[in-house]
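Colleague: So that we are looking at the same thing, I have put the structure below in structure tokens.
Protein chains: 2
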Amino acid sequence: MIEEVADLRIQPGQQQAFEAAVHKGATTVISNAKGFLGYSVSRSIETPERYLLRIQWASLEDHTVGFRESPLFKQWRAIVGPFFTAPPAVEHFTVVDKPAQ
Amino acid sequence: MIEEVADLRIQPGQQQAFEAAVHKGATTVISNAKGFLGYSVSRSIETPERYLLRIQWASLEDHTVGFRESPLFKQWRAIVGPFFTAPPAVEHFTVVDKPAQ
């Protein structure tokens with residue numbers, strides 16, 4: 397399992413509409429992709445136009461090839477793309493330490 | 397509950413030592429702070445010197461005041477600070493969407 401972390405900047409004042417859009421896009425589009433395991437969305441307290449979208453995938457290629465090269469990617473971007481003020485900054489992460497809590 | 401997200405850059409080749417240090421610092425120092433709820437550490441696949449350290453706190457002030465102004469902060473920085481090649485980029489986040497999976 398790997399985690400995609402997308403650092404997103406959206407138009408000021410559009411938080412409520414963006415949060416509804418990303419929920420719709422994640423639950424009706426991305427969730428249909430092979431290897432999709434789950435997601436979460438967090439809003440920055442210091443920078444209210446900044447969000448972190450995290451998506452858990454079974455493998456790196458499930459995101460970079462399977463999803464990005466599928467029609468689902470265009471559907472997703474059509475829903476959330478209009479809110480972005482900059483291209484999303486995306487990297488993928490491996491959890492190296494997460495003690496049981 | 398809020399989440400501190402620290403975006404960390406460390407010296408090349410020091411991954412193994414850093415991961416041991418951050419585990420030690422989190423479990424023996426930060427875990428003693430009031431309001432500490434848990435943490436995780438992830439390493440970037442594209443940028444192996446980049447880590448995201450996430451710490452869950454009961455409140456924003458538990459981190460920004462309670463922890464940062466306590467002796468624990470200096471103890472923590474003594475353990476992990478030597479690995480950093482840049483000041484950590486830290487913001488705090490509120491989860492706005494995390495469906496049950």
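Read top to bottom, the protein sequences are chains A and B. The first sequence begins at 397 in the working numbering and counts up by one. The second sequence begins at 397 in the working numbering and counts up by one. Using N, Cα and C, we set each Cβ at its ideal position, and we do this for glycine too.
How about B:Ala-422: is its C-beta nearer than 9 angstroms to some C-beta of chain A?
Modeller: At least one chain A Cβ lies under 9 angstroms of B:Ala-422.
Colleague: CA-CA distance, B:Gly-477 and A:Leu-456?
Modeller: The straight-line gap from Cα to Cα measures roughly 30 angstroms.
Colleague: Please confirm if the segment 474–493 of chain A is in contact with the segment 428–444 of chain B, defined as three or more CB-CB distances below 8 angstroms between the two stretches.
Modeller: These segments touch.
Colleague: From A:Val-425 to A:Leu-468, what does the alpha carbon distance come to, in whole angstroms?
Modeller: Roughly 6 angstroms separates the two Cα atoms.
Colleague: With a threshold of 6 angstroms on Cβ separation, who are the neighbours of A:Ala-482 within its own chain once the five nearest residues in sequence on each side are excluded?
Modeller: Cβ within range, chain order: Arg-405.
Colleague: Can you give the Cα-Cα distance for A:Asp-458 and B:Ile-451, rounded to whole angstroms?
Modeller: Answer to the nearest angstrom: the Cα atoms are 28 angstroms apart.
Colleague: For A:Gly-462, tell me which candidate among A:Arg-446, A:Phe-479, A:Tyr-447 and A:Ala-429 has the shortest Cα-Cα distance.
Modeller: Nearest option by C-alpha distance: A:Ala-429.
Colleague: Considering only their Cβ atoms, is the gap separating B:Gly-421 from B:Gln-471 smaller than 9 angstroms?
Modeller: Contact: yes.
Colleague: I want to verify the contact list: residues of chain A whose CB lies under 7 angstroms from the CB of B:Phe-489, in sequence order.
Modeller: What B:Phe-489 touches in chain A: Ser-438, Arg-439, Ser-440, Ile-441 and Leu-448.
Colleague: As an exercise, report each continuous alpha helix (DSSP H) stretch of at least 4 residues that is fully enclosed by the segment 403–462 of chain A, in chain order.
Modeller: Entirely contained in the segment 403–462 of chain A, the alpha helix (DSSP H) runs reaching 4 residues are, in chain order, 411–424.
Colleague: Quick test of your reading: A:Ser-440 and B:Glu-465, contact by CB under 8 angstroms. State the CB separation rounded to the nearest angstrom.
Modeller: Actually they are not in contact, since the Cβ atoms of A:Ser-440 and B:Glu-465 sit about 22 angstroms apart, beyond 8 angstroms.
Colleague: Compute the beta-carbon to beta-carbon distance between A:Phe-479 and A:Phe-432, rounded to the nearest angstrom, for a pair I have assumed lies under 8 angstroms.
Modeller: The pair is not a contact, with the Cβ atoms about 21 angstroms apart (cut-off 8 angstroms).
Colleague: What residues are listed by DSSP as bridge partners for A:Phe-489?
Modeller: Paired residues: A:Glu-399 and B:Ser-440.
Colleague: Starting from B:Pro-467, follow the alpha helix (DSSP H) in both directions and report where the run begins and ends.
Modeller: Segment 467–476, the alpha helix (DSSP H) holding B:Pro-467.
Colleague: Determine whether the Cβ of A:Glu-457 lies closer than 9 angstroms to any Cβ atom of chain B.
Modeller: No - not a single Cβ of chain B is within 9 angstroms of the one on A:Glu-457.
Colleague: Can you give me the C-alpha to C-alpha distance between B:Ile-398 and A:Ala-402, rounded to a whole angstrom?
Modeller: Approximately 19 angstroms between the Cα atoms of the pair.
Colleague: Under 9 angstroms between the Cβ atoms of B:Glu-445 and B:Gln-411?
Modeller: Yes.
Colleague: Closest by CA to A:Thr-423, which one among A:Ile-475, A:Tyr-447, A:Glu-400 and A:Gln-407?
Modeller: Closest option to A:Thr-423, Cα to Cα, is A:Ile-475.
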